[in-house]
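Undergrad: Quick one: structure below, then a few questions.
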Amino acid sequence: MNRLLPLSLLFLLAGPWARADQNAHFIGKVIPSDADSQDHFGSSVAVWEDLSVVGSPNADAVYVYRKEHNGSRSKIAKLTPPDGGSNTQFGGSVSLSDGIIAVGAKWSDQHGHSNSGAAYLYQVLPDWSVQFLHKVTAHDADATAYFGTSVSFSKGILAVGAPSDDHSGHNDAGSAYVYRLEHNGSLSPLDKLTATDANASDEFGHSVSTSHGLIAVGAPSHNHDGSTYLYWQQENGSFLQIAKVTDPDANYASGGEGDGFGHAVSLAGDLLAVSTIGEDVASVAYDVGAVYLFRIEEGMPHLLDEVLAPISDMHNSARFGYSLALSYELLAVGAQYHNHGGHSGAGAAYLYRIEHNGTAGLVEKFVADDANVSDNFGASVALSYDTLAVGAHKTDYWGNTDAGTVYYFDSWAAANRAPVDIRPEPFLGFSPEKEWLLYDLQTGWLKSAESLIVDAYGLGVDPSDDWNLTIHEHGSASSHLVHASFTGAPDGSIDLTKLEFNLPLLVPIIHDEPELIP
350 MNRLLPLSLL FLLAGPWARA DQNAHFIGKV IPSDADSQDH FGSSVAVWED LSVVGSPNAD
410 AVYVYRKEHN GSRSKIAKLT PPDGGSNTQF GGSVSLSDGI IAVGAKWSDQ HGHSNSGAAY
470 LYQVLPDWSV QFLHKVTAHD ADATAYFGTS VSFSKGILAV GAPSDDHSGH NDAGSAYVYR
530 LEHNGSLSPL DKLTATDANA SDEFGHSVST SHGLIAVGAP SHNHDGSTYL YWQQENGSFL
590 QIAKVTDPDA NYASGGEGDG FGHAVSLAGD LLAVSTIGED VASVAYDVGA VYLFRIEEGM
650 PHLLDEVLAP ISDMHNSARF GYSLALSYEL LAVGAQYHNH GGHSGAGAAY LYRIEHNGTA
710 GLVEKFVADD ANVSDNFGAS VALSYDTLAV GAHKTDYWGN TDAGTVYYFD SWAAANRAPV
770 DIRPEPFLGF SPEKEWLLYD LQTGWLKSAE SLIVDAYGLG VDPSDDWNLT IHEHGSASSH
830 LVHASFTGAP DGSIDLTKLE FNLPLLVPII HDEPELIP
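Numbers given in my numbering equal positions in the sequence shown, counted from 1, plus 349.
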């Protein structure tokens, strides 16, 4: 976990890395040193372990960063089309997993076809150098297919969306192409995916996501309201359509409402998240946006929850769900047109924790403290264990308009803190010393009444232990330890005055005057 600076302190590290305490879990932001106007750096972003990649499609570039020990990001490579193309939207989509980088270039001209599209694979080597592996094009490439609009790589499987591909007599019905990266480094084509009920202008392939033999493909214009299709890999390597998911709230009988279900999709294990950026909230606003969370059981998706922005954030055309990312039990959602601080379209991102019962609870809203009109913070989001990256591809700096920025946050610390809205009323805040203690020790949270986790000293606590809790009016709290059996430390080595943990309701507890009662 990265230590944060006191409020209002700004510092610059070597290169275009900056950090300011705009948010309790803000780590820093990256901007390319060679930025130019209209680059749209941050249009796409992906993270995996200590690596992150950021697309700057109007510059035909992708930047690769490594996380340093102090939490800053250092650029290790700048990628450009290896075939020398220009104005290709190289970096319009990116994916990163297992050290493999996938890059889409949907405007690339191939085989004499304008805007047929291409994708590129790279590998990050142990010495942090980046090696080009493959250029990928559709075997049946056609003009304006936009192959590479979306890319997803996971466990050796690469999926590439071509949402304007024509097939079966349907213009712009869309397709997705699947490849396998072999152990010897070669790339094998596996399948071309199309919807069994394809229509013209479906945009099938606008979004793709792969995970453990599953592929989700979004078709946000299918039947006007949109659909998402699920495919499962067969023994021969091909993929079989196993389900079609539609907007649970759509009114297909009236011809649909253009909600765009499938604009963004994300798979993680048995979880599937699908956004519908045109979702209206009755009597509140239109085109607010929503995200639907499904669990895939025996090949069938079952609806778990409808995820919405807080009611106070709902306004016309916020487009909540413009970007999505799932990782473990966390869900990140971008709303690039969200208004806040008097800035229209400044953008926001939201982090949710998925509970055991499948519901998703909001743990934090993220905005940029240097937000401005039409920054579009939330145009892209990426999650990987403890890191949330958020792209704002229209920020201005150094005299460059719409150059773009990517912001990094500590998603693990954010997800494992007590939500402010459950603190006692009135809440006047903790003392500075307690705030620092709270931050220093905020790494564990109670998943159930039977599993109390104390991370301060790596100790375990017997689930039968008894804690008496007192919450004081000024917002602090104290606890008397009635009975506890600590493990992992010798007797007498535990300083109870510095222990901090979260109880079942995730109320932060500070041990002011602990008392051990035999």
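No residue lacks a Cβ here, since even glycine has one placed at the ideal position from N, Cα and C. Quick caveat, the model's predicted, so the values are computed rather than measured.
Counting beta carbon pairs with one atom in the stretch 416-426 and one in the stretch 454-463, are three or more of them shorter than 8 angstroms?
TA: no
Undergrad: Less than 8 angstroms between the beta carbons of Val396 and Val452, yes or no?
TA: no
Undergrad: Report the CB separation of Ala658 from Tyr699 in whole angstroms; it is logged as a contact under 8 angstroms.
TA: 6 angstroms
Undergrad: Between Ser442, Ala599, Thr559, which has its C-alpha nearest Gln582's C-alpha?
TA: Residue Thr559 is the option with its Cα nearest to Gln582.
Undergrad: Can you look up Ala410 in the DSSP assignment and give me helix, strand or coil?
TA: strand
Undergrad: So what's Ile626 in DSSP terms, helix, strand or just coil?
TA: Taken through DSSP and simplified to helix, strand or coil, Ile626 comes out as coil.
Undergrad: Using three-state DSSP, classify Ser661 as helix, strand or coil.
TA: helix
Undergrad: Per DSSP, what kind of secondary structure is Val527 in: helix, strand or coil?
TA: strand
Undergrad: Look at the alpha carbon of His651 and the alpha carbon of Arg644, and state the distance between them as a whole number of angstroms.
TA: 5 angstroms
Undergrad: Ignoring anything shorter than 3 residues, give me the beta strand (DSSP E) runs that lie fully in the stretch 672-723, in order along the chain.
TA: 672-676, 679-684, 697-703, 709-715
Undergrad: What is the residue span of the beta strand (DSSP E) that Ser499 lies within?
TA: 499-503
Undergrad: Quick check: the Cα distance between Val403 and Asp759, rounded to an integer number of angstroms?
TA: 18 angstroms
Undergrad: Would you identify the three-state DSSP class for Ser760, choosing helix, strand or coil?
TA: helix
Undergrad: Closest to Gly618 by CA distance: which of Ser672, Pro475, Gly523, Leu680 is it?
TA: The candidate whose alpha carbon is nearest that of Gly618 is Leu680.
Undergrad: Check the DSSP bridge columns for Asn749 and list the partner residues they point to.
TA: Per the DSSP secondary-structure output, Asn749 pairs in a beta bridge with Tyr746.
Undergrad: How many whole angstroms separate the CB atoms of Thr625 and Asp608, which I take to be in contact at a CB cut-off of 8 angstroms?
TA: Contact between Thr625 and Asp608 is confirmed by a C-beta separation of about 4 angstroms, below the 8 angstroms threshold.
Undergrad: Please work out which residues of its chain come closer than 6 angstroms, Cβ to Cβ, to Val633, disregarding the five sequence neighbours upstream and downstream, and give them in chain order.
TA: Met663
Undergrad: Just confirm the distance between the C-beta atoms of Val566 and Ala525, as a whole number of angstroms; I'd bet it's less than 8 angstroms.
TA: Contact flag correct, Cβ pair sits at about 5 angstroms.
Undergrad: If you compare alpha carbons, which of Leu711, Thr437, Val509 is closest to Pro868?
TA: Any question about residue 868 goes unanswered here, given that the chain covers just 350 to 867.
Undergrad: Look up Gln387 in the DSSP assignment and say whether it is helix, strand or coil.
TA: coil
Undergrad: Are the CB atoms of Ser723 and Lys743 within a distance shorter than 8 angstroms?
TA: Contact flag set, yes.
Undergrad: Helix or strand or just coil, what does DSSP make of Glu647?
TA: coil
Undergrad: Say whether chain B places a C-beta atom closer than 8 angstroms to the C-beta of Leu542.
TA: Reference to chain B is not applicable here, since this structure consists of a single protein chain.
Undergrad: Are the beta-carbon atoms of Val317 and Ile450 separated by less than 8 angstroms?
TA: Residue 317 is absent from the model: the chain starts at 350 and stops at 867.
Undergrad: Cα separation between Ser513 and Ser556?
TA: Going from the Cα of Ser513 to the Cα of Ser556 covers about 12 angstroms.
Undergrad: Thinking C-beta only, is Leu470 closer than 8 angstroms to Leu349?
TA: Outside the shown range of the chain, which is 350 to 867, sits residue 349, and nothing can be said about it.
Undergrad: Excluding the 5 residues flanking Val630 on each side, which residues of the same chain have their C-beta closer than 6 angstroms to its C-beta?
TA: Contacts found: Val637, Met663.
Undergrad: If we count the other Cβ atoms within 10 Å of its Cβ and call it buried at 16 or more, is Asn585 buried or exposed?
TA: exposed
Undergrad: Would Leu675 be called buried (16 or more neighbouring beta carbons within 10 Å of its own) or exposed?
TA: buried
Undergrad: By DSSP, does Ala617 sit in helix, in strand, or in coil?
TA: strand
Undergrad: Within its chain, find whatever has a CB closer than 6 angstroms to the CB of Gly434; leave out the 5 residues flanking it on each side and keep chain order.
TA: Taken in chain order, the residues that qualify are Ser457.
Undergrad: Quick one, are the C-beta atoms of Tyr757 and Gly377 less than 8 angstroms apart?
TA: Contact check for Tyr757 against Gly377 passes: the beta carbons are separated by less than 8 angstroms.
Undergrad: Along the chain, where does the beta strand (DSSP E) containing Lys484 start, and where does it finish?
TA: 479-485
Undergrad: Taking the alpha-carbon of Asn707 as reference, which of Thr750, Asn725, Asp654, Tyr578 has the nearest alpha-carbon?
TA: The amino acid occupying residue 707 in the given sequence is Gly; Asn does not appear at that position. Measuring from the Cα of Gly707, the nearest candidate turns out to be Asp654.
Undergrad: Buried or exposed, going by whether 16 or more other CB atoms sit within 10 Å of the CB of His304?
TA: In this structure the chain extends from 350 to 867, so residue 304 is not present and cannot be described.
Undergrad: Is it buried or exposed, Leu589, if we count other Cβ atoms within 10 angstroms and call 16 or more buried?
TA: exposed
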